[in-house]
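Peer 1: Let me begin by handing over the structure; questions about it come next.
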Amino acid sequence: MIVFRLVITSLAFLLLPIWCYVITPFGSNAARAAPNVSTVVFELFTRFNPTQAQILELDNLQALEQSFYDPSLPTKFFAHGLHDGPGAAYSSRDAYLQREDCNFIAIDWSVLASGIEYPIIVERDVPRAAVHTGQFIDFLVGNTGAPFESIHLMGHSLGAHVVGGAGAAVTLGRIPRITGLDPAGPLFSLNETDTRLDTTDGDFVDIIHTNGGTLLHDQQGFLPPIGHVDFYPNGGQFQPGCTANHIKSTGQERGACDHARVVTYFVESINSDVGFRAVECETQVDFEAGLCADNVAVLMGDPTPSSARGIYYLATNDKAPFALG
Numbered sequence: 001m002i003v004f005r006l007v008i009t010s011l012a013f014l015l016l017p018i019w020c021y022v023i024t025p026f027g028s029n030a031a032r033a034a035p036n037v038s039t040v041v042f043e044l045f046t047r048f049n050p051t052q053a054q055i056l057e058l059d060n061l062q063a064l065e066q067s068f069y070d071p072s073l074p075t076k077f078f079a080h081g082l083h084d085g086p087g088a089a090y091s092s093r094d095a096y097l098q099r100e101d102c103n104f105i106a107i108d109w110s111v112l113a114s115g116i117e118y119p120i121i122v123e124r125d126v127p128r129a130a131v132h133t134g135q136f137i138d139f140l141v142g143n144t145g146a147p148f149e150s151i152h153l154m155g156h157s158l159g160a161h162v163v164g165g166a167g168a169a170v171t172l173g174r175i176p177r178i179t180g181l182d183p184a185g186p187l188f189s190l191n192e193t194d195t196r197l198d199t200t201d202g203d204f205v206d207i208i209h210t211n212g213g214t215l216l217h218d219q220q221g222f223l224p225p226i227g228h229v230d231f232y233p234n235g236g237q238f239q240p241g242c243t244a245n246h247i248k249s250t251g252q253e254r255g256a257c258d259h260a261r262v263v264t265y266f267v268e269s270i271n272s273d274v275g276f277r278a279v280e281c282e283t284q285v286d287f288e289a290g291l292c293a294d295n296v297a298v299l300m301g302d303p304t305p306s307s308a309r310g311i312y313y314l315a316t317n318d319k320a321p322f323a324l325g
């Protein structure tokens, strides 16, 4: 049963002025015909080029064949969020390449994500980037023989909806795992699953919430559970360490700090010795009261098993290393 707090927040999302904007469903003709989608490119990094990107593009077979892409290795995709760029993926890139030999692809949709009108980006540009990415995955698989089973899509904020739409847009197979890192909440409806990341986009969808709520409270993420498994570190709205002193020293706004912290948690989880242990629980209040200590526990982040289901809570440190085990 979804807890009262999540229900109230869900209603808040439904009451946002979504009806003012027609959100284009992923894969629609309007999204495919939109101009400038060719600005979405894909930065490939491997252990042969760990910091120097090789640029891959949809239907550019020559660039793909001349790259270090190895279809026998796991392939990780990461999509950045609003007003960001591929550099937002580099900490994840470094952690993965440190741990294993893999293909890491940073989805650069920064031209589409840099607009000043958020509703237009949600309505028009997220679906364009999503469909283009799905088509690129088909192009990659079709020309290299890479198995879909080796693909993991990750996205932060609006990027979570980009990779969700990409999972819905692929035609040659199914994406086995999609990770949503504090998926953007404003102007996305709980009921309109065609326009946001949801459980139909991949075989396993795991979500980490760090700044869920509404813009009225400077919260940028989606609070209600939308994955096969949803994690709520520190309650999923405000993160320890995002204090007034931190905000003053970094120049970040409060919500931006909480919203970005999810990427830091995920990156740490890739190589953590102790991990982010989370327990299944109905509410943060029950978790803090110790009522869920004996419940099912799983690790949040990269090690999350695909069998995980439900809502999980955990606490973190207020500075790195954040994982408490």
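In this text, residue positions in the sequence shown follow this note's numbering: the first is 1, and each later residue adds one. Note that beta-carbon positions come from the ideal geometry of N, C-alpha and C, so glycine has one too.
Whose CA, out of L58, N143 and Q54, lies closest to the CA of P71?
Peer 2: Considering only alpha carbons, the answer is N143.
Peer 1: What number of angstroms, rounded off, separates the C-alpha of A297 from the C-alpha of G290?
Peer 2: Distance between the alpha carbons of A297 and G290: 13 Å.
Peer 1: Can you grab the Cα-Cα spacing for the pair A278 / M300, in whole Å?
Peer 2: Each residue's alpha carbon lies about 6 Å from the other.
Peer 1: Leaving out five residues before and five after A33 in sequence, what residues of the same chain have Cβ atoms less than 6 Å from its Cβ?
Peer 2: Any reading at A33 must be qualified, since the residue scores a pLDDT of 39, below 50, and its modelled position is unreliable; no value is offered.
Peer 1: Relative to the C-alpha of G275, which candidate in Q284, C281 and Y265 has its C-alpha closest?
Peer 2: The shortest C-alpha separation from G275 is found at Y265.
Peer 1: Is the segment 116-123 close to the segment 43-51, with three or more CB pairs under 8 Å?
Peer 2: Contact between the segment 116-123 and the segment 43-51 is absent, because fewer than three Cβ pairs lie under 8 Å.
Peer 1: Residue range of the beta strand (DSSP E) that T339 falls in?
Peer 2: Any question about residue 339 goes unanswered here, given that the chain covers just 1 to 325.
Peer 1: Quick one: residues in its chain with C-beta nearer than 6 Å to the C-beta of T179, no 5 flanking neighbours on either side, listed in chain order?
Peer 2: Cβ within range, chain order: M154 and D206.
Peer 1: Between which residues of its own chain and S249 is the CB-CB distance below 8 Å, once the five residues before and five after are set aside?
Peer 2: A caution first: S249 carries a pLDDT of 48, below 50, which makes its placement in the model unreliable, though a value can still be read off. Cβ within range, chain order: n/a, list empty.
Peer 1: Determine whether the beta carbon atoms of G221 and G185 lie at a separation below 8 Å.
Peer 2: For G221 and G185, yes; Cβs fall inside 8 Å.
Peer 1: What first and last residue would you give for the alpha helix (DSSP H) that runs through D230?
Peer 2: That residue, D230, is in no alpha helix (DSSP H); its beta strand (DSSP E) goes V229 to P233.
Peer 1: Can you round the beta-carbon distance between T386 and D258 to whole angstroms, since I take them to be within the 8 Å contact cut?
Peer 2: Given a span of 1 to 325 for the chain in the structure shown, any question on residue 386 remains unanswerable.
Peer 1: Are the beta-carbon atoms of A129 and W109 separated by less than 8 Å?
Peer 2: Result yes, Cβ atoms of A129 and W109 sit closer than 8 Å.
Peer 1: Could you check what DSSP says for A89 in three-state terms: helix, strand or coil?
Peer 2: Residue state, collapsed to three classes: helix.
Peer 1: Give me the Cβ distance between I226 and D198, rounded to the nearest whole Å; I'm assuming they're in contact under 8 Å.
Peer 2: I226 to D198, Cβ: 6 Å. Contact.
Peer 1: Need the endpoints of the beta strand (DSSP E) that I151 sits in, please.
Peer 2: Run containing I151: I151 to H156, per the beta strand (DSSP E) assignment.
Peer 1: Taking the alpha carbon of T75 as the reference point, which residue from L140, F48 and Q135 has its own alpha carbon closest?
Peer 2: It is L140.
Peer 1: Please classify I270: does DSSP put it in a helix, a strand, or coil?
Peer 2: In the structure shown, I270 sits in a helix (DSSP, three-state: H, G or I).
Peer 1: Assign P321 to buried or exposed, taking buried as 16 or more other Cβ atoms, counted over all protein chains shown, within 10 Å of its Cβ.
Peer 2: By the neighbour-count rule (16 or more Cβ atoms within 10 Å), P321 is not buried but exposed.
Peer 1: Helix, strand or coil for A174, going by three-state DSSP, please let me know.
Peer 2: For the record, residue 174 in the displayed sequence is Arg; it is not Ala. Of the three classes helix, strand and coil, the one that applies to R174 here is coil, per DSSP.
Peer 1: Look up E288 in the DSSP assignment and say whether it is helix, strand or coil.
Peer 2: It is helical.
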